[in-house]
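Quick note, in this note's numbering, the sequence shown goes up one by one and the last residue is 219.
Following: one structure in structure tokens, then a few remarks.
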Amino acid sequence: MSYRPITDRSRVRRGRPRAQYDEAAVHGVLDAGDICHVAYCIEQQPYLLPTAYARSGDRVFLHGAVANRMLGQLAKGIEAVVTVTLVDGYVLARSQFHHSMNYRCAVLFGRAIPVTDPVEKHRALRAIVEHMVPGRAAHSRPPNEKELRITQVLEFEIDEASVKVRQGDPRDDAEDLELFHWAGVIPTHRGAHDAVPSADLSRAIKTPEHIKRASTG
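Structure representation (structure tokens):
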């Protein structure tokens, strides 16, 4: 199933064969990403900020302090753009001109609405924690009433979306193929390194399995 309609704002113009508009492609990038970037305007001044997120169906949950300027503006229902980009490899060609990256990038267009129901806020915040480290929510305290009150949660509804993907080897010009330069791809390895326990953590608390899984990427 594709996101519809595909309009001028969401249609990929350059590198059209790399474009994808189906839900599976969009959801795949969102589920694999770590942070998103949110673009919006205030009185014709553009802003772009990174933030944690989580996807639930065709919604993206965002959160922050109630005094957060970006969330305050988005809560008014202004149009915004959310992007998530994954770099899968450095593409090294024989010519500097053809150096590139293998990547997956999702661009979402839509508006956000505040999540005010306490049960739904808990659910959204739990989803954000789970997106960061699967299994973590069961091993941490949920927000209390005060924390819930000072935290704003938004639900970004995806109206349109596109994904652009670049994969494979460098694409050198035919006349450069005989040049004595190495060409290929250096994969980028996403994932966490060994977990470092907090300095004030009791030695009696052993590293749980969900942390070990996250640490090995």
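Here a beta-carbon is modelled for each residue, glycine too, at the ideal position from N, C-alpha and C.
No experiment lies behind these values; they were computed from the predicted model shown.
Between the CA atoms of Trp184 and Arg138 - distance to the nearest angstrom: 43 Å
Which word fits Phe99, buried or exposed, when buried means at least 16 other C-beta atoms lie within 10 angstroms of its C-beta? exposed
What residue range is occupied by the uninterrupted alpha helix (DSSP H) comprising Asp33? 25-34
CB-CB under 7 Å to Ala27, same chain, minus the five flanking residues each way: which ones, in chain order? Val165
Taking a contact to mean a Cβ-Cβ separation below 9 Å, would you say Ala126 touches Gly79 in this structure? no
Tell whether a beta-carbon distance below 9 Å holds between Val83 and Ala41. yes
Is the CB-CB distance between Phe158 and Leu110 below 9 Å? yes
Would a C-beta distance cut-off of 9 Å place Tyr55 and Ile130 closer than the cut-off? yes
Of the listed residues Pro144, Val155, Cys107, nearest to Ala77 (C-alpha basis): Val155
Residue burial classification, Ile160 (beta-carbon count within 10 angstroms, cutoff 16): buried
Counting along the chain, where does the beta strand (DSSP E) carrying Glu81 start and finish? No beta strand (DSSP E) contains Glu81, which DSSP labels as neither H nor E.
Considering only the alpha carbon of each residue, which of Pro7, Ala176, Gln22 lies closest to Arg168? Gln22
Secondary structure at Arg106, three-state DSSP: helix, strand or coil? strand
Could you give the distance in angstroms between the alpha-carbon of Arg215 and the alpha-carbon of Met72? 33 Å
Nearest CA to the CA of Arg173: which residue from Ser97, Arg16, Pro145? Ser97
Unbroken alpha helix (DSSP H) run spanning Glu147, endpoints: 147-151
By the three-class DSSP mapping on this structure, what secondary structure does His100 have? helix
Residue range of the unbroken alpha helix (DSSP H) whose run includes Gly74: 71-76
Using alpha carbons as the reference points, say which of Cys43, Arg11, Glu45, Gly112 lies closest to Asp60. Gly112
According to DSSP, which residues form a beta bridge with Leu156? Leu64, Pro116
With distance defined between alpha-carbon atoms, name the residue in Pro7, Gln47, Asp36 nearest to Cys107. Asp36
Cβ-based neighbour list, Arg57, same chain, cut-off 7 Å, excluding 5 preceding and 5 following: His29, Leu32, Asp33
Pairwise C-alpha distance: Phe182 and His133: 45 Å
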